[in-house]
Amino acid sequence: MPDSVGELGEFGLIGAVTARLPQGPDVLLGPGDDSAVVAAPDGRVVVTTDLLVENRHFRRDWSAAADVGHKAAAQNLSDIEAMGARPTSLVVGLGVPADLPVSWAVELSAGLGEEAALVGASVVGGDVVRSPLVVVSVTALGTLAGAAPVLRSGARAGDVVALCGRLGWAEAGYQVLSRGFRTPRAVVEAHRRPAVPYGAGAEAAGLGATAMCDVSDGLLGDLGHVATASGVLIDVSPSLLVVAEPLREVASALGADPLAWVLTGGDDNALVATFPADVELPERWTVIGSVSAGSGVTVGGAEYDQPAGHDHFAGS
Ligand SMILES: Nc1ncnc2c1ncn2[C@@H]1O[C@H](COP(=O)(O)OP(=O)(O)OP(=O)(O)O)[C@@H](O)[C@H]1O
Ligand SMILES: Cc1ncc(C[n+]2csc(CCOP(=O)(O)O)c2C)c(N)n1
Ligand SMILES: [Mg+2]
């Protein structure tokens with residue numbers, strides 16, 4: 001097989017990437033025709049899209065192709081989870097330079113398929129084009145299986161705020177990679193591949209979550225969207241947040257504040273939801289704050305005076 005995607009050509013590349021994509025039970029027709037056909041038995045489709053751009057979301061010298069595939073799938077699957085839904089399928093728009101090794105594109109695609117398979121979802125189609133940088137645009141579809149979607153607008157005064165998943169890990173990884181280090185491995189891996197708490201979205205919906213979103217840009221920023229949409233004040237109690245040992249270790253080596261990474265770091269794709277105060281939460285959900293009348297997000301009752309999370313256009 002030729003080494004580069006340019007030598008292989010568009011249709012050779014499509015053949016190479018689709019050859020390794022297993023199809024799950026929701027797929028009626030997978031890659032190969034003008035469109036795919038996916039089952040949507042409850043009559044509604046949950047749909048979301050997210051883009052990864054080389055050097056903005058990942059670097060090819062920091063992440064392997066499979067990592068980028070896992071990350072591109074995970075950040076879309078977590079948006080489906082955040083509605084209380086179950087992901088069924090992904091479609092992938094892929095822009096690649098002509099000199100990209102074919103193996104890189106094939107491993108990226110396999111990573112997408114492997115991450116999707118963690119929730120029983122499948123890559124059902126896509127598109128490839130020549131591009132100066134690697135760009136991965138993923139659209140995810142999901143099903144609510146008869147349930148109501150959990151919106152950002154449903155939080156009510158008196159609710160508790162609960163978190164499922166890790167926060168601050170990817171930011172710690174980004175900080176060490178930015179300084180030319182490759183360890184601690186756990187945080188570097190967290191930058192490369194988010195650990196989405198699959199199944200927790202539908203679980204939260206079943207427990208009566210009043211509002212939910214995934215944390216892609218930073219906890220305070222994303223809770224800000226919930227507070228605004230719901231017309232409430234959300235307070236996060238810093239003493240209820242876990243600052244894991246690898247984060248403390250990295251922060252002390254870099255002279256940084258690990259709690260700031262937990263509060264504002266992006267890319268971890270945890271789920272945060274509000275629940276009526278009498279909810280009984282499974283072990284993987286932790287109460288981290290409360291909802292009251294008012295507006296905005298506070299930390300321990302006080303305003304937070306640093307940026308609340310990632311903004312692609314901040315400082316531009
Ligand atoms: N170019 C666009 N055209 C139409 N709607 C958009 C566009 N960009 C964003 N949106 C919508 O705006 C809302 C917020 O978008 P955003 O990208 O911040 O989503 P998110 O889930 O909060 O973050 P992330 O992109 O990190 O997953 C979503 O409902 C999204 O569909
Ligand atoms: C090379 C490189 N530089 C910076 C970052 C940090 N970063 C980029 S986008 C984003 C938030 C989520 O993005 P989106 O809102 O687009 O989903 C974060 C935390 C990274 N991951 N890789
Ligand atoms: Mg989201």
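Note that full-length UniProt numbering has the sequence shown beginning at 1, numbered continuously upward.
We put the CB at the ideal spot given by N, CA and C, even for glycine.
None of the values given here were measured: they were computed from a predicted structure.
- R86 has T143 as its beta-bridge partners, per DSSP.
- Taking 4 residues as the shortest admissible run, the region 1 to 61 contains the following complete alpha helix (DSSP H) segments, listed from N- to C-terminal end: 5 to 8 and 10 to 18.
- Sequence-distant partners of E107 (beyond 5 residues in either direction) whose C-beta falls short of 8 Å from its own C-beta, in its chain, are A64, A65, A66 and G69.
- Using a C-beta cut-off of 8 Å, the region 134 to 146 makes contact with the region 85 to 100, since at least three inter-stretch Cβ pairs fall below that distance.
- Of the heavy atoms belonging to ligand 1, none sits nearer than 6 Å to the Cβ of S137.
- According to the DSSP secondary-structure assignment, L163 is paired through a beta bridge with V272 and T286.
- For V134, there is no enclosing beta strand (DSSP E), as DSSP marks it with neither H nor E.
- G93 sits in a strand when the DSSP states are folded into three classes.
- Taking 7 Å as the cut-off, the beta carbon of M1 is found no closer than this to the beta carbon of A82.
- A check of alpha carbon separations from G24 across G224, R192, V37 and G266 identifies V37 as the nearest.
- With fewer than 16 other Cβ atoms from the protein chains shown falling within 10 Å of its own Cβ, P22 counts as exposed.
- Runs of the alpha helix (DSSP H) spanning 4 or more residues and lying entirely within the region 161 to 217 occur at 169 to 178, 185 to 192 and 200 to 206, in chain order.
- In this structure L177 does not touch V53 by the C-beta definition: roughly 17 Å separates them, more than the 8 Å allowed.
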